[in-house]
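Structure first, then comments.
Residue numbers (my numbering): 49 to 258.
Put into structure tokens, the structure is as follows:
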């Protein structure tokens, strides 16, 4: 019981002295999930919406460590993850930013962020508190062929959880790991629902005849 009280006291001591702990998030490729039979030589464009590119939040933990905030921006990590994953199936990938390409020499992947929900809470422990982080993301994908015909419209999701023992600063580490797990999970879902499906096979067949 004394250990639990000590952990509670450590949390309480930091509640009223606020700081910002930036959360670092790295990209996660789903390339290993791409089936070898789904690799194409076609050119592909990736287009990202503004809300995906600028995706970010200041995460708050509630009462424990409540004076602190955890600024978390995942836009760059999502762009990198999606680009690398598409590139595994379409080696000729062009990142077109937010603009739909005017030339019709490749298929177009459009991505829009539907959900970004990072959460963290601290609980007392025997020796030190514990930070539990959860991150949920959802991305809407639309794939069009060279003629502009939409082939696939779907939403893929990712979830991640992580725990770290320590005081308020470790919240950033827990959120970082949870976000990376969520992105990796989302990339696996993207490959399953878009890349590895038969919906893109007509593109391969058409290209082979040209």
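Beta carbons: idealized from backbone N, C-alpha and C, even for Gly.
- Residue range 98-101 is occupied by the alpha helix (DSSP H) that includes residue 98.
- A distance below 8 angstroms between beta-carbons, with the five flanking residues on each side excluded, links residue 72 to the following residues of its chain, in chain order: 220 and 224.
- By DSSP's assignment, residue 209 forms a beta bridge with 182.
- In the DSSP assignment, residue 165 forms a beta bridge with 184.
- Judged by their CB atoms, residue 95 and residue 146 are nearer to each other than the 8 angstroms cut-off.
- Taken atom to atom, the span from the alpha-carbon of residue 237 to that of residue 212 is near 26 angstroms.
- If you draw a straight line from the Cα of residue 186 to the Cα of residue 75, it is about 15 angstroms long.
- For residue 100, the closest alpha carbon among the candidates 115, 109, 110 and 122 is that of 122.
- Here the C-alpha atom of residue 143 lies approximately 22 angstroms from the C-alpha atom of residue 249.
- For residue 85, the number of other beta carbons within 10 angstroms of its own is below 16, and it is reported as exposed.
- Taking all protein chains shown into account, residue 87 has fewer than 16 neighbouring C-beta atoms within 10 Å of its C-beta and is therefore exposed.
- With respect to the 8 angstroms criterion, residue 188 and residue 162 are classified as neighbours on the basis of their beta carbons.
- By the beta-carbon neighbour count (other beta carbons within 10 angstroms, threshold 16), residue 196 is exposed.
- Short of 7 angstroms from the beta carbon of residue 247, and not among the five residues preceding or following it, lie these beta carbons of its own chain, in chain order: 199 and 200.
- In this structure, the beta-carbon distance from residue 110 to residue 235 does not fall below 8 angstroms.
- When secondary structure is reduced to three states using DSSP, residue 155 falls in the strand class.
- Beta bridge pairing from DSSP links residue 189 with 159 and 202.
- Rounded to whole angstroms, the gap between the alpha carbons of residue 126 and residue 227 is 10 angstroms.
- Here residue 82 is buried: its Cβ has 16 or more other Cβ atoms, across all protein chains shown, within 10 Å.
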